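Numbering (our numbering), first residue to last: 540 to 852.
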């Protein structure tokens with residue numbers, strides 16, 4: 540067997556489709572299929588049930604695919620050891636970032652990282668928490684940036700900073716003239732929320748300790764990004780909560796509508812996460828250092844008011 544055959548094997552498992560796997564590997568489908576068949580003949584077992592749509596690994600195939608991932612991981616680790624011995628950091632690095640972090644964080648560190656490590660091809664993908672964890676477990680990402688703690692057994696969490704929640708309140712709102720708001724003043728049915736699937740939404744629900752309801756309103760508004768929530772808030776549909784870095788980037792004329800929340804300030808922990816196998820650990824360490832230098836220093840202090848990104852209510 541060859542490393543190329545194992546690469547094709549994992550590609551088919553990832554895509555559950557021979558044609559898409561071949562496309563991902565930049566080879567023709569006949570070439571990929573032939574190599575998988577040769578591998579099956581050498582091992583004396585069927586690795587995939589081709590009668591299923593999409594194709595699925597056989598029982599023995601699942602075990603061998605897991606081992607193939609380990610083999611390829613260790614082969615890549617050899618390259619990393621060589622790079623580290625030469626004090627050279629280069630090659631592709633795939634980073635997944637959750638949507639509520641991407642716009643306010645990535646522009647802060649991207650130019651610093653690319654300037655310091657021009658030989659690293661940084662590929663940043665905006666993904667949900669679930670997708671980041673899944674892709675890390677399948678070796679399709681090198682690291683991710685998301686809200687923690689998640690306590691996934693196969694994942695290491697390296698806290699980067701602690702970001703307070705801020706209230707965006709329009710002038711005409713019942714709390715519009717307040718200098719700050721307290722947790723007890725927050726009403727979940729008066730807060731515009733992100734769509735389901737966003738961990739920031741989960742944290743807000745945990746903060747209010749209750750699930751949202753229509754509460755007598757004839758309209759229920761949710762959105763996929765903070766920009767729309769702020770615009771809806773300005774139109775009088777309620778207040779909303781946003782992360783500190785997002786609030787910093789709002790135009791100067793909108794800053795008076797941003798109110799702090801009284802102590803204990805609800806906070807989210809943003810971490811760099813990666814597989815326990817610790818591949819490309821040197822790049823991960825440098826990335827963490829650059830990110831920490833790119834955010835306000837006060838955000839580096841740990842907080843006891845961290846909200847879980849997993850809905851607990």
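Glycine is no exception: its CB is placed at the ideal position from the N, C-alpha and C atoms.
Remember, it's a predicted structure, so these values are computed and weren't measured experimentally.
Since residue i is in the alpha helix (DSSP H), which residue starts that stretch and which ends it?
i	result
residue 804	Here residue 804 belongs to no alpha helix (DSSP H), and DSSP marks it neither H nor E.
residue 570	568–582
residue 824	820–831
residue 554	542–554
residue 672	668–676
Are the CB atoms of residue i and residue j nearer to each other than 8 Å?
i	j	result
residue 704	residue 805	yes
residue 650	residue 676	no
residue 733	residue 740	yes
residue 727	residue 744	yes
residue 629	residue 659	yes
residue 839	residue 700	yes
residue 788	residue 643	yes
residue 593	residue 604	no
residue 557	residue 551	yes
Measure the alpha-carbon distance for residue i versus residue j and round it to whole angstroms.
i	j	result
residue 601	residue 561	20 Å
residue 735	residue 577	45 Å
residue 813	residue 685	11 Å
Is the Cβ of residue i closer than 8 Å to any Cβ of chain D?
i	result
residue 840	Among the protein chains of the structure shown there is no chain D, as only one such chain exists.
Going by DSSP, what residue range makes up the beta strand (DSSP E) through residue i?
i	result
residue 646	Taken as a continuous stretch (DSSP letters only), residue 646 belongs to no beta strand (DSSP E), being part of the alpha helix (DSSP H) at 641–655.
residue 789	That residue, residue 789, is in no beta strand (DSSP E); it is neither H nor E in DSSP.
residue 765	That residue, residue 765, is in no beta strand (DSSP E); its alpha helix (DSSP H) goes 765–773.
residue 698	694–707
residue 637	Run containing residue 637: none; DSSP gives neither H nor E here.
I need the DSSP call for residue i, collapsed to helix, strand or coil.
i	result
residue 600	helix
residue 662	strand
residue 784	helix
residue 723	helix
residue 595	strand
residue 743	helix
residue 557	helix
residue 851	coil
residue 681	coil
residue 610	helix
residue 837	helix
residue 718	coil
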